[in-house]
Amino acid sequence: QGRIVPADKRARDTWPVREGDTGGAKDGELVEALVEASDRLGPRRAVVSARYGDAEDPRSISLIAIHTAGIPTEFRPKALAQAEAALPAGLEGRVDLRQIPLVTIDGADARDFDDAVWAEPDPDHPGGWHLIVAIADVAHYVPPGSPLDRDAFERGNSCYFPDRVVPMLPEALSNGLCSLRPNEDRACLAADLWIDAQGRLKRHRFRRGLMRSAARLTYEQVQAARNGQPDELTGPLLQPVIAPLYGAYEALLAAREKRGTLELDLPERKVQLDEDGRVASIGIRSRLDSHKLIEEFMIAANVAAAETLSDRNLPALYRVHDQPDRARVAALKEFLEPLGYSLSLGQVMRPRVFGQILERAVGRPEEPMVNEMVLRSQAQAVYSPDNLGHFGLALPRYAHFTSPIRRYADLTVHRGLIRLLHLGADGAPDDELARLDEIGEHISVTERRAAQAERDAVDRYMASWLADRIGAILPGRIGGVAKFGLFVKLDESGADGLVPISTLPDDYYDHDEAAHALVGRRWNRV
1 QGRIVPADKR
11 ARDTWPVREG
21 DTGGAKDGEL
31 VEALVEASDR
41 LGPRRAVVSA
51 RYGDAEDPRS
61 ISLIAIHTAG
71 IPTEFRPKAL
81 AQAEAALPAG
91 LEGRVDLRQI
101 PLVTIDGADA
111 RDFDDAVWAE
121 PDPDHPGGWH
131 LIVAIADVAH
141 YVPPGSPLDR
151 DAFERGNSCY
161 FPDRVVPMLP
171 EALSNGLCSL
181 RPNEDRACLA
191 ADLWIDAQGR
201 LKRHRFRRGL
211 MRSAARLTYE
221 QVQAARNGQP
231 DELTGPLLQP
241 VIAPLYGAYE
251 ALLAAREKRG
261 TLELDLPERK
271 VQLDEDGRVA
281 SIGIRSRLDS
291 HKLIEEFMIA
301 ANVAAAETLS
311 DRNLPALYRV
321 HDQPDRARVA
331 ALKEFLEPLG
341 YSLSLGQVMR
351 PRVFGQILER
361 AVGRPEEPMV
371 NEMVLRSQAQ
381 AVYSPDNLGH
391 FGLALPRYAH
401 FTSPIRRYAD
411 LTVHRGLIRL
421 LHLGADGAPD
431 DELARLDEIG
441 EHISVTERRA
451 AQAERDAVDR
461 YMASWLADRI
471 GAILPGRIGG
481 VAKFGLFVKL
491 DESGADGLVP
501 ISTLPDDYYD
511 HDEAAHALVG
521 RRWNRV
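This is the structure:
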């Protein structure tokens, strides 16, 4: 007889396992188990249903997060067979874009390339730009209602962990036929965008095309080239390709600044693993202008997709970010006032209001906490057929169009455009349009599920890394207070931790809830 101990340290129950129900698992293995229902007194028993190897193996960390969240990891045989049988798309029914030097710009560890970009000065409008944002034509390979479609819908999105990806589509598509790999012909749905010198979108069109990526570039490569340090790959592309991309980006950035968007500075943790899967280092991801360039190109294409669908009244899934709840804004005001910030509850809440607070906090000790509290005051973005606009981006219409390899929402938008613009027979069917409420609710849930699992895995990697540093003195900042202690974020790694109030030296501390502070009884130390 053995005993199952939950991987979640917060869970307190353990379950006995009969000798014949272990499935051959040995002591110290990570397993999945079914807990039997019981109508008698005494502990419920468990039956091992799957084995995942040594629990101390660093590769177990992501597995725990994946299975705790209930994320599907296996594709059904019919879906795999459909993906393996897929053939490359030809030129029929498509515009030939292979002579245009579109490039992909992604992280160094990326394998699924959804988007490629290109820009040129608009000859008809001085200072304006013509952009092409070419997106993998996933709809060509994933027909509505097919086995692939059912599995993709169930997942809702891909999930990214430090040691693996749980893809929305089988790798034959996600890393193969759909991925815009360099020097390979690929089917795409391309958005042509024309913007003026102020970055305003003047007109747009969507076409199905056949493209051939001229290069697979990384954010770091592109930024280095822009900064005057091109390498062998980016050198020949600097003037004809990279420079126009930055020219268009600067125009788009001007439009963004004029709109007054919400610009939260929330550091993203990066876990670097060694060959054995153990943590080699943990740091904060750098955010370069090249990241922002791609972000602005994607936003412009997403806006064009949303405008096309809404202007012609086709039901569609929008990316909706509602205005912040008044109660949350009131809580933010209460937090900010002791720090010397003002926030009027009577004014119309616009992103610029919060942006001014964030700008004032830059460089000040409370900057991370202010960013965190402003984030908490905001509504959560969701997918919905009811277009409420996107508050954070200060946009009246917004949809997700640019990542159909890894987001089901984008695939539904592609199908809507294909139907609306008569770009093929594989557009959105009537029954899919009738289910948009259900689809939006489901993929909003799977998005949150993936985000929670990804955070959980990073937290576990962080804990394993810090376990070897017990007793070390590490710089950090207070990120929040509660009656039981201080929440601290470490500067170098972004790790979050709790300092219990009982461990604070030299005084007894009381929690001042209104001031978000702990105040010493004897010395009034805050």
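Just so you know, full-length UniProt numbering puts 204 at position 204 of the sequence shown, and the rest follows in order with no gaps. For each residue, glycine too, the CB sits at the ideal point set by N, CA and C.
Can you tell me whether residue i is buried or exposed, with buried defined as 16 or more other CB within 10 angstroms of its CB?
i           : result
residue 73  : exposed
residue 364 : exposed
residue 162 : buried
residue 198 : exposed
residue 516 : buried
residue 183 : exposed
residue 84  : exposed
residue 378 : buried
residue 251 : buried
residue 96  : exposed
residue 22  : buried
residue 216 : buried
Given this structure, state the Cα-to-Cα distance separating residue i from residue j, to the nearest angstrom.
i           : j           : result
residue 193 : residue 262 : 24 Å
residue 321 : residue 447 : 14 Å
residue 43  : residue 275 : 42 Å
residue 409 : residue 151 : 14 Å
residue 324 : residue 380 : 9 Å
residue 54  : residue 31  : 9 Å
residue 156 : residue 526 : 46 Å
residue 106 : residue 286 : 13 Å
residue 487 : residue 453 : 21 Å
residue 82  : residue 386 : 33 Å
residue 174 : residue 388 : 31 Å
residue 20  : residue 282 : 42 Å
residue 437 : residue 200 : 31 Å
residue 358 : residue 109 : 31 Å
residue 429 : residue 451 : 30 Å
residue 350 : residue 343 : 12 Å
residue 319 : residue 114 : 18 Å
residue 295 : residue 164 : 24 Å
residue 267 : residue 356 : 19 Å
Taking 7 Å as the cut-off, decide whether the C-beta atoms of residue i and residue j are in contact.
i           : j           : result
residue 523 : residue 512 : no
residue 133 : residue 297 : yes
residue 405 : residue 136 : yes
residue 214 : residue 144 : no
residue 314 : residue 420 : yes
residue 304 : residue 191 : yes
residue 177 : residue 79  : no
residue 397 : residue 307 : yes
residue 271 : residue 458 : yes
residue 354 : residue 370 : no
residue 473 : residue 485 : no
residue 142 : residue 71  : no
residue 418 : residue 427 : yes
residue 259 : residue 434 : no
residue 309 : residue 416 : yes
residue 423 : residue 138 : no
residue 219 : residue 140 : no
residue 491 : residue 475 : yes
residue 63  : residue 52  : yes
residue 402 : residue 301 : yes
residue 471 : residue 269 : no
residue 25  : residue 48  : yes
residue 212 : residue 94  : no
residue 368 : residue 477 : yes
residue 46  : residue 17  : yes
residue 195 : residue 129 : yes
residue 277 : residue 58  : yes
residue 238 : residue 224 : no
residue 461 : residue 279 : yes
Measure the beta-carbon distance from residue i to residue j and round it to whole angstroms, keeping in mind my assumption that it falls under 8 Å.
i           : j           : result
residue 180 : residue 116 : 5 Å
residue 316 : residue 399 : 6 Å
residue 253 : residue 91  : Going by Cβ atoms, the distance from residue 253 to residue 91 rounds to 36 Å, so no, they are not a contact pair.
residue 329 : residue 345 : 6 Å
residue 293 : residue 246 : 7 Å
message: Report the start-end ranges of each beta strand (DSSP E) in the segment 99 to 140 that is 3 residues or longer and not cut off at the edges.
response: 103 to 106, 115 to 121, 129 to 136
Every unbroken alpha helix (DSSP H) inside the segment 240 to 309 [4 residues or more]: 243 to 259
message: For a minimum of 4 consecutive residues, which ranges assigned as the alpha helix (DSSP H) are wholly contained in the segment 53 to 95?
response: 60 to 69, 77 to 84
field: Complete runs of the alpha helix (DSSP H) confined to the segment 392 to 441 [at least 4 residues]
entry: 408 to 420, 430 to 434
- prompt: Unbroken alpha helix (DSSP H) runs of length 4 or more, entirely within the segment 206 to 241: which are they?
  reply: 219 to 226
query: Curious, which full-length alpha helix (DSSP H) runs of at least 4 residues does the segment 439 to 480 contain?
result: none
query: Whole alpha helix (DSSP H) runs in the segment 300 to 376 with 4 or more residues, listed along the chain?
result: 326 to 336, 351 to 361
Beta strand (DSSP E) runs wholly inside the segment 133 to 196, at least 3 long, in chain order: 159 to 161, 164 to 166, 185 to 195
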